[in-house]
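4 protein chains.
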Amino acid sequence: MGRRYDPDRRERIIDAAIRIAGDQGIAGLSHRSVAAEADVPLGSTTYHFATLDELLIAALRKVSDDPQSAGTGWATALAGPGGGLAERLTALLGGLVAEDRSRVRLEYELYLAALRREALRPVAAEWLDAFVEVVRAHVGGDAATARALVALIDGLLIQLLLTGRAFDPDEVREGLLRIIGGRDVPGAGAPGVSG
Amino acid sequence: MGRRYDPDRRERIIDAAIRIAGDQGIAGLSHRSVAAEADVPLGSTTYHFATLDELLIAALRKVSDDPQSAGTGWATALAGPGGGLAERLTALLGGLVAEDRSRVRLEYELYLAALRREALRPVAAEWLDAFVEVVRAHVGGDAATARALVALIDGLLIQLLLTGRAFDPDEVREGLLRIIGGRDVPGAGAPGVSG
Amino acid sequence: MGRRYDPDRRERIIDAAIRIAGDQGIAGLSHRSVAAEADVPLGSTTYHFATLDELLIAALRKVSDDPQSAGTGWATALAGPGGGLAERLTALLGGLVAEDRSRVRLEYELYLAALRREALRPVAAEWLDAFVEVVRAHVGGDAATARALVALIDGLLIQLLLTGRAFDPDEVREGLLRIIGGRDVPGAGAPGVSG
Amino acid sequence: MGRRYDPDRRERIIDAAIRIAGDQGIAGLSHRSVAAEADVPLGSTTYHFATLDELLIAALRKVSDDPQSAGTGWATALAGPGGGLAERLTALLGGLVAEDRSRVRLEYELYLAALRREALRPVAAEWLDAFVEVVRAHVGGDAATARALVALIDGLLIQLLLTGRAFDPDEVREGLLRIIGGRDVPGAGAPGVSG
DNA sequence: AATGAATGAGCATTCATTCAT
DNA sequence: TATGAATGAATGCTCATTCAT
């Protein structure tokens, strides 16, 4: 009965929202679904987050700050040794397509929602920018090339997820290589070179 | 009471659905919103389309058959004279972004929504494939290059829609050129003239 | 397109209604469900049967006239050789409970519907009376005993179907025997003795 | 706006459901009909009872806890003085059939509806078992006889409700007597006096 | 005689949010 | 501070029946 003392409740609600958005999509988010997933009374979700948008934004930001997610997660993966940038991006993409896709789905879910909902646009832009920044460090600080790479990757991922085509590493690598040209900066990954 | 014979009813409902999807997004579709927009009784929408998905798909297919849309529209635009493929694609993209963005938004909304909703996947795949086919005709039938071009374009458009950045024709053209390399086939696709 | 010449259509609709009532219950009957099951246009069902009740009654009457059903079906089964009346009734009940229960279900479905719907009461009464008549022939024309037997059987069937209890032939036979007493008329089964 | 605090709301909804089920039958229950009968907003019924089945079951259980109903009511009635068990049961049945039949109808509606609807089966089985237990106390604990008596009574009541026949006390008493045989236990169940 | 189209009423449910406590 | 109760609006969908052809 009585309210239990539960200082992490806010965080637990956010985590539940992330889980739901990943599993069922943003459309599956509701005060009720989150309350159930977080095992928290309904009123608690509206108490901590006045509106659903507020909760959704908090959830998305938490994901993008998470070391596993777009920004930092990719940074780690790309920093690893082995092959040129195209090779490492290809490996990364292959992994994303093969393993549990819920994180990828969540990312595109966010893009989708942001297309129509003003309030989410900044968060989506942050995700994109974070990813561009990571890539930029590997191409000698060339922002245009980084943006093109990210665009190509997003477009390829969408194609892979939408059509049934199998992931073809050679084709992917070849496309990335054309964009990269000779701009690959082998040792990069730390606070990159700005240009 | 109301008019009982109305042979274009079905078409009018589809058109209303297209308008709503364009204006408010796919999420704005409901039997009620469509009925209101089409000025038709609620029961009429469920009579002609057993489920909302059925209506949505009919609407999306009608959009893709529209001469304005991806397949046909792009074919015409790319066939026109003036510059190489990269140049023409850049102009096309510039146009899309400049004018009313609702059609572009609808396209990406479909792609992203299809990631989650099985039923939309075939239509989305059709849109993608149609676009790839059009582009392929201009790169000497090289499917891999066509797919990469479409991916790059999709990614760039998503970036434009989500971030506030302005459309930069030079940057876009440069990206496209890198993918195209020397594969541009001047006379392809239609009686186009290259420069 | 055009209307096929289909003189059995009316009958096919009734049969479809019987199938649906047996499988999904009377509540599952609708012009639509019947039309689909009979593979007939929706308008056809309302053309042949002005209201749903009309169709339902036609269906129930057809079942009760069917040699397989309550009246005649039981007559045949009870007429067979082997043991006294209690024994044969017990075997019959065991069979009903064990095999496909849809016919039993349909019978009780009818009782249920008739409890509240005036129009169905005569049909339900006919079923009951037909059954009583059959049994009566086996107890020397004693109507009261026949009614009690039918009542006991209905009550036992309901208990068996509702609770998970296993069918206990000895218990059932014993109950029937108490009602029958010495009234069993071995050779009966044909146009019985009236009294 | 409307009254916002109303602690008996839940109970009032259940009572409304009972009234509707009694008057119009189980099929007459809908969130709307209950809300109207209880003079409560529609959302209130779904707030307190997530599904209609939940509400229906709550209502049926409340009926069976009611001192008027099968379990308790019959226990009291059978405990009273006057005649043997058959006599008292006959009187009881006569009373049930003579007075407002809506409660009897509701009982058999539940039994028959439960044949189809899994969710109702437990409640129906409870009703049946409670009745059997009451009767069992009067036949020296003989469960088989109690079950047969209840079955006979159920079958007879169904016949009475469905056919137009008048209640014939002699016939009913005779049937009950045959099942009971000499098992009547005068002083059983409660401080009843047999004659 | 037959049927596709149409429609208004109804259904169970879900929901974001508000509010009294 | 926290939350159970409450509610009005909306959702997708089903339906019996009517009607124009």
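Residue numbers (our numbering), protein chains in the order written: chain D, 1 to 195; chain G, 1001 to 1195; chain A, 2001 to 2195; chain F, 3001 to 3195. From the three backbone atoms N, C-alpha and C, an ideal C-beta is built for every residue, glycine too.
For L1089 (chain G), the secondary structure class from DSSP, reduced to helix, strand or coil, is helix. When the Cα atoms are used, V40 (chain D) and Q24 (chain D) turn out to be separated by approximately 19 Å. Around the CB of G3164 (chain F), fewer than 16 other CB atoms lie within 10 Å, so the residue is classed as exposed. For L1156 (chain G), the closest alpha carbon among the candidates G:L1176, G:D1008, G:L1115, G:A1077 is that of G:L1176. Per DSSP, the unbroken alpha helix (DSSP H) holding R2121 (chain A) starts and ends at 2121 to 2136.
Look at V3150 (chain F) here: in three-state DSSP terms it is helix. Residue range 1052 to 1065 is occupied by the alpha helix (DSSP H) that includes L1052 (chain G). Between E171 (chain D) and chain G, the shortest Cβ-Cβ separation is below 8 Å. Against chain A, the CB of E3118 (chain F) has no partner CB under 8 Å away; the residue lies outside that interface. Around the beta carbon of G2181 (chain A), fewer than 16 other beta carbons lie within 10 angstroms, which makes this residue exposed.
Chain A has no Cβ within less than 8 Å of the Cβ of A3077 (chain F).
Near chain D, meaning a CB-to-CB distance below 9 Å, no residue of the segment 1033 to 1054 of chain G qualifies. With the criterion set as a beta carbon lying under 7 Å from some beta carbon of chain F, the members of the segment 2083 to 2106 of chain A are R2105, in sequence order.
With the criterion set as a beta carbon lying under 7 Å from some beta carbon of chain G, the members of the segment 137 to 151 of chain D are A144, R147, A148, V150, A151, in sequence order.
Annotation: D168 (chain D) is outside any alpha helix (DSSP H) and is labelled neither H nor E by DSSP. Taking a C-beta distance under 8 Å as the contact criterion, R3178 (chain F) and R2178 (chain A) qualify as a contact pair. For R178 (chain D), the chain G residues whose C-beta falls within less than 8 Å of its own C-beta are A1148, R1178, I1179, G1181, listed in chain order. A residue is called buried when at least 16 other Cβ atoms come within 10 angstroms of its Cβ; R2032 (chain A) does not meet this threshold and is exposed. In the structure shown, E1037 (chain G) adopts helical secondary structure according to DSSP, grouped into three states.
In this structure, the straight-line span from the alpha carbon of A124 (chain D) to that of G3022 (chain F) is close to 57 Å. Straight across, the Cα-Cα distance linking L89 (chain D) with D168 (chain D) is about 13 Å. Residue burial is scored here from C-beta neighbours: E2099 (chain A) has fewer than 16 other C-beta atoms within 10 angstroms and is therefore classed as exposed.
In this structure E3109 (chain F) is buried. Its beta-carbon is surrounded by 16 or more other beta-carbon atoms within 10 angstroms.
Counting only Cβ-Cβ distances below 8 Å, A3114 (chain F) has contacts in chain A at L2162, in chain order. With a cut-off of 8 Å on Cβ pairs, the segment 1053 to 1061 of chain G is not in contact with the segment 1077 to 1096 of chain G, counting fewer than three such pairs.
Just so you know, the alpha carbons of L3042 (chain F) and T3051 (chain F) end up roughly 13 Å apart. At a cut-off of 8 Å, the C-beta of A3124 (chain F) has a neighbouring C-beta in chain A. Flagged as an interface residue toward chain G: G175 (chain D), by a C-beta distance shorter than 8 Å.
With a cutoff of 8 Å on beta-carbon distance, I1026 (chain G) and A1119 (chain G) are scored as not near each other. Note on geometry: alpha-carbon atoms of R2173 (chain A) and A2143 (chain A) lie some 20 Å from one another.
The Cβ atoms of I158 (chain D) and Y1111 (chain G) lie closer than 8 Å to each other.
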